[in-house]
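Undergrad: Quick note on numbering: the sequence shown equals residues 235 to 902 in the numbering used here. Provided herewith is a single structure, encoded as structure tokens, for subsequent inquiry.
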Amino acid sequence: MDRRQAQKGGSVNIASKLYSLAEVAAESPHWHFNIPIYQRLYVWGQNQVLTLLNDLVNAYERKESLFFLGGTLLVEQEGATGRYFDLIDGQQRFTTLWMLCHAWQQALKPFLTVKEGGGTQTRLKFAIRPEVNDFLNALTFGTQGQPMAEDDATKRMRTALASMTSVFERLPLSETVKLADREAYLIGLTQFVFDQVKFVITIVPRETDLNKLFEVINNRGVQLQHHEILKARMLDALDETERGPYAVLWDACADMDSFIERNLSGLSGLSASEVTGLYERGELSDPDLICKSLNKRMQGQSTNKALGLAEILSTSNEPLTPAVDAGADEVEPTWAQSIFGFPLFLQHTLRIWLLEKNQNDLPRLLDRELLNLFDAHFFCISDDKAENVRSFIALLWRLRVIFDEQVIKWVEQGEEEIHLISRISVSSSIKSKSRYMSRSRETDAHRGFSLLQSMLYHSQEITTQYWVTPLLLFMYRNPAAKPGRHFEFLRHLDNQLLGSAPDEQLVVRTRSFMTDPWQRRKSIHKAELSCANGVKFAHYWFYKLEFVLWFQRKRETDAWRKFRFTAKSSVEHISPQTPTAWDSNPVEKALDCFGNLALVSRSLNSEYGNLPFNEKREKFLNKNKNRIDSLKMGLIYENSQWSDEQAFVHQNEMIECLDLYCSETPKA
235 MDRRQAQKGG SVNIASKLYS LAEVAAESPH WHFNIPIYQR LYVWGQNQVL
285 TLLNDLVNAY ERKESLFFLG GTLLVEQEGA TGRYFDLIDG QQRFTTLWML
335 CHAWQQALKP FLTVKEGGGT QTRLKFAIRP EVNDFLNALT FGTQGQPMAE
385 DDATKRMRTA LASMTSVFER LPLSETVKLA DREAYLIGLT QFVFDQVKFV
435 ITIVPRETDL NKLFEVINNR GVQLQHHEIL KARMLDALDE TERGPYAVLW
485 DACADMDSFI ERNLSGLSGL SASEVTGLYE RGELSDPDLI CKSLNKRMQG
535 QSTNKALGLA EILSTSNEPL TPAVDAGADE VEPTWAQSIF GFPLFLQHTL
585 RIWLLEKNQN DLPRLLDREL LNLFDAHFFC ISDDKAENVR SFIALLWRLR
635 VIFDEQVIKW VEQGEEEIHL ISRISVSSSI KSKSRYMSRS RETDAHRGFS
685 LLQSMLYHSQ EITTQYWVTP LLLFMYRNPA AKPGRHFEFL RHLDNQLLGS
735 APDEQLVVRT RSFMTDPWQR RKSIHKAELS CANGVKFAHY WFYKLEFVLW
785 FQRKRETDAW RKFRFTAKSS VEHISPQTPT AWDSNPVEKA LDCFGNLALV
835 SRSLNSEYGN LPFNEKREKF LNKNKNRIDS LKMGLIYENS QWSDEQAFVH
885 QNEMIECLDL YCSETPKA
């Protein structure tokens, strides 16, 4: 797959080829990669990293022959030995791959370094960034006993590495892989990444005019996303006169980081007060009525020609009708972000649509297979294709209205982001004498519902969130139910779906709860938490216990009432695995038991290390005066001393809390 293209205005060749990590590592002379000073530092967030990791694991378990990771653009520079390249496009993905090779090791180690002048160097370097290069060297060659520096320049890299390491330690995720086969599984996974993950490397020589090259890169346009291609295929099945209104519905749903009513106003030309009128008349959740309103607005606009497939693709982010100046309406700024993106929301919607049509469920949820999933489960249905598209987009709209009203979002609060439910309120504008909608922060009445959703979000796979489908379906089928009833159903769903034996994959189990939502299954928490699993305990049980302790109000203090879930990835031993000689609170029999464990962030796990109980307790109490980060640890550190006996007592008390909570599961 090698191609060469003559550059206009000269005889310079640009070479592109598909490479695997193994093929790059095998190149002779060795290839060195440099991130130029004009490029950004590493900026990938945890969600981007975890999405890639989950995609890699899923591809490996399905034995895919190729995992395509996009393109990388290189400019070759002079070097003493080997070949030296500046990474000028795709550097974030490339840096992520290099760090993954360090975090997962095994078959990936050859990609980390190159031989140079009788010594060994890291394959990747950052120009004029000594703190970053020191960090890369420390990862590769060790710190010679010195603590690793924690500069701001490497903060994102350290977070990404922690996620990579945490995922690797918890693998295999698949319920079909036996624990005894774990080592072979991990070796196979790293070999898969080394051999089957491929990306296009395009090399341009150093005499290339970089200014012109950057101009081409910046002007080439954003590549169409899969959901935009899907939209074009959907609308192409409709009559030309229908496409405008349904395109507005689709685009309003597609922007997940703004509220649906704001999206509708911005895309349709309807003013904020007109959209408020739809809401007050109970019409906002009715896609047929909205389409009628949009059709009325579009009538007589002769300049708006019907959209063809090419136009659908080329104007996917533009309003279909002229926007009305909303200056007279008081519109609040957007202050919330969705817990996941539009491709995943489309897949949750498709699962519900398939159930409503008595069709087979999706085999899995996977963003990068969005088009394949719709090909295999939507477009293949031989019924009236236009009617299928209408019904799907109508369902998409109804579910998105419910999603914005009932499902948690990320909301900035001070210097942190927390999960809140943002419900609609309507006010009158003194200035414009019109009524408008706004979103309010949740009240205490909704706190339990949002906190339970937050627990599920943090404890489940970030790229699937299977629990959302049966919850959305329940709220869709019970429009008159009060929020308290939604909360009761989610408590039941959590206990019966996730608190029972994982005898089938989650996608299968959630489909079962979609067809029989109030079914009951045998709880397994007592058996699970009575084992000495140490760091192998599923993180779900720690997260669930935190919610149960909050729900049962074990302590009526402000610090407990302010409790919020945060991302945690490390199982901490209260009494350390390797106690110091002066530790007066050693634990032996209960060392790896649930009573001697808690779930903490990786940074806190490193900070606590092998400190004895009394020193950890002092640190915890000092840091948790206003709000408790871990309710389980809060109960543990009410003890001034710690022992095997106290660890087992605590464990039994926690199991009793779960016993009581699960016995009170709401019923249909």
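Heads up, the beta-carbon is just placed ideally off N, CA and C, and yes, glycines get one too. Owing to the predicted nature of the structure, the values given are computational and were not obtained by experimental measurement.
What does the Cβ neighbour count give for G351, buried or exposed, with the cut at 16 atoms within 10 Å?
TA: exposed
Undergrad: My output table needs one value for E909: the three-state DSSP class, helix, strand or coil.
TA: Residue numbering for the chain in the displayed model covers 235 to 902; residue 909 lies beyond these limits and cannot be assessed.
Undergrad: To the nearest angstrom, how far is the alpha carbon of L275 from that of D323?
TA: Their backbone Cα atoms lie some 13 Å apart in a straight line.
Undergrad: Using the Cβ count rule (16 or more neighbours within 10 Å means buried), how would you classify V769?
TA: exposed
Undergrad: Among residues of its own chain, excluding the 5 on either side of D817, which ones have a beta-carbon nearer than 6 Å to its beta-carbon?
TA: P846
Undergrad: On the three-state DSSP scale, how would you describe R669?
TA: strand
Undergrad: Measure the alpha-carbon distance for V623 versus F708 and round it to whole angstroms.
TA: Going by the C-alpha atoms only, they are around 23 Å apart.
Undergrad: Three-state secondary structure (DSSP) at Y276?
TA: coil
Undergrad: Among the residues of its own chain, which have a CB less than 8 Å from the CB of C891, if the five just before and after it don't count?
TA: L779, V782, L783, Q786 and K788
Undergrad: So does the segment 458 to 471 actually touch the segment 367 to 374, counting three or more Cβ pairs closer than 8 Å?
TA: no
Undergrad: Tell me the DSSP secondary structure of W701 in three-state form.
TA: Correct three-state label for W701: coil.
Undergrad: Under the three-state reduction of DSSP, which class applies to R598: helix, strand or coil?
TA: The answer is coil: DSSP assigns R598 none of H, G, I, E or B.
Undergrad: What is the DSSP secondary structure of H264, counted as helix, strand or coil?
TA: Here DSSP, grouped into helix, strand and coil, assigns H264 to coil.
Undergrad: Look up G305 in the DSSP assignment and say whether it is helix, strand or coil.
TA: strand
Undergrad: Mind reading off the beta-carbon distance from L528 to V482? Whole number of angstroms is fine, and I expect it under 8 Å.
TA: Going by Cβ atoms, the distance from L528 to V482 rounds to 6 Å, so yes, they are a contact pair.
Undergrad: Assuming contact is defined by CB atoms lying nearer than 8 Å, are N367 and L321 in contact in what I supplied?
TA: For the 8 Å CB-CB criterion, N367 and L321 do not form a contact.
Undergrad: Leaving out the 5 sequence neighbours to the left and right, which residues in its chain are closer than 7 Å to L286 when beta-carbon positions are compared?
TA: T330
Undergrad: Would the beta-carbon of N281 fall within 8 Å of that of E695?
TA: No, they are not a contact pair.
Undergrad: Counting along the chain, where does the beta strand (DSSP E) carrying A471 start and finish?
TA: A471 -> no beta strand (DSSP E), and no H or E assigned at all.
Undergrad: Expressed to the nearest angstrom, what Euclidean distance is found between the alpha-carbon atoms of L518 and L633?
TA: 12 Å
Undergrad: Work out the CA separation of M867 and L541 for me, nearest whole Å.
TA: The predicted model places L541 with a pLDDT of 45, which falls under 50 and marks its position as unreliable, so this point remains unresolved.
Undergrad: Compute the beta-carbon to beta-carbon distance between L578 and D601, rounded to the nearest angstrom, for a pair I have assumed lies under 8 Å.
TA: So it is a contact: roughly 6 Å between Cβ atoms.
Undergrad: Excluding the five sequence neighbours on either side, which residues of its own chain have a C-beta within less than 6 Å of the C-beta of D826, listed in chain order?
TA: A766 and G768
Undergrad: Is the separation between the beta-carbon of S804 and that of S835 shorter than 8 Å?
TA: At a Cβ-Cβ threshold of 8 Å, S804 and S835 count as neighbours.
Undergrad: Only counting runs of 4 or more residues, tell me where the alpha helix (DSSP H) segments fall wholly within the segment 721 to 775, in order along the chain.
TA: Runs found: 740 to 749 and 759 to 763.
Undergrad: For my contact list, F747 and P713 are in at a C-beta cut-off of 8 Å; report their separation, rounded to the angstrom.
TA: Not really, about 19 Å apart at Cβ, beyond 8 Å.
Undergrad: Helix, strand or coil, according to DSSP, for F646 in the structure here?
TA: The identity of residue 646 in the sequence shown is Glu, whereas the question assumes Phe. Three-state result, E646: strand.
Undergrad: If you run the structure through DSSP and keep just helix, strand and coil, what is K432?
TA: strand
Undergrad: Where do the ends of the alpha helix (DSSP H) carrying A259 lie?
TA: L255 to A259 is the extent of the alpha helix (DSSP H) around A259.
Undergrad: Three or more C-beta pairs closer than 8 Å, one from the segment 470 to 477 and one from the segment 329 to 348: is that the case here?
TA: no
Undergrad: Have a look at I642 and L706 and give me their C-alpha separation to the nearest angstrom.
TA: 12 Å
Undergrad: With 16 as the cutoff for other CB atoms within 10 Å, does N551 come out buried or exposed?
TA: Only weak support exists for where N551 lies, its pLDDT of 43 falling under 50; the value from the coordinates is given anyway. By the neighbour-count rule (16 or more Cβ atoms within 10 Å), N551 is not buried but exposed.
Undergrad: Using three-state DSSP, classify Q581 as helix, strand or coil.
TA: In the three-state scheme derived from DSSP, where H, G and I count as helix and E and B as strand, Q581 is classed as helix.
Undergrad: Would you check if there are 3 or more beta carbon pairs closer than 8 Å linking the segment 426 to 438 to the segment 302 to 315?
TA: Output reads yes: the segment 302 to 315 touches the segment 426 to 438.
Undergrad: Tell whether a beta-carbon distance below 8 Å holds between F319 and H266.
TA: yes
Undergrad: Name the two residues that bound the continuous alpha helix (DSSP H) containing K850.
TA: From DSSP, the alpha helix (DSSP H) with K850 extends over F847 to K857.
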